[in-house]
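Engineer:
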Amino acid sequence: MAIINPSSNYGTVTIVGVGLIGASLGLALKKAGVVNQVLGVGRSAQNLDQALKMGAIDAIVDLVEATKQSDVIVLCVPVAQMRAAFEVIEPHL
216 MAIINPSSNY GTVTIVGVGL IGASLGLALK KAGVVNQVLG VGRSAQNLDQ
266 ALKMGAIDAI VDLVEATKQS DVIVLCVPVA QMRAAFEVIE PHL
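Numbering (the numbering used here), first residue to last: 216 to 308.
1) So if DSSP puts A274 in a beta bridge, which residue, or which two residues, is it bridged to?
2) Using 7 Å as the threshold, is the C-beta distance between I230 and G255 below it?
3) Relative to the C-alpha of E274, which candidate in V294, L290, N251 has its C-alpha closest?
4) At least one CB of chain D closer than 7 Å to the CB of V231: is that the case?
5) Any idea what DSSP makes of V231, helix, strand or coil?
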């Protein structure tokens, strides 16, 4: 069962939260060849740097810039942080 449709292209995807789940998602999207670019957003500079070095993301951006540049935004953050992320994203959609 394929979760990612290999004939699709999702353009620029932003992953908010590039820990274990977010970085894994970035790697899978890139391996499947279904994205042009993966942007990373997060609070941990260490996680962002590691995700960039391992190729899970192509660039580090802030949430507002990511919203302006992205075709798809995926939140990989704890549930308690989602409302705050949505409040930042919403005015820029």
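All C-beta atoms in this analysis are idealised placements derived from N, C-alpha and C, irrespective of residue type, glycine included.
Source: prediction; values computed, not measured.
Structural biologist: On the basis of the data shown:
1) In the sequence shown, counting from the first residue as 1, residue 274 sits at position 59. BP columns for A274 point to L254.
2) Walking along the sequence shown from the start, residue 230 turns up at place 15. Walking along the sequence shown from the start, residue 255 turns up at place 40. For I230 and G255, yes; Cβs fall inside 7 Å.
3) As a working note, residue 274 is residue 59 in the sequence shown. Going by the sequence as given, residue 274 is Ala instead of Glu. Measuring from the Cα of A274, the nearest candidate turns out to be N251.
4) Looking at the structure shown, chain D is missing, and only one protein chain is on hand.
5) On the sequence shown, position 16 is the one that residue 231 refers to. Strand, per DSSP.
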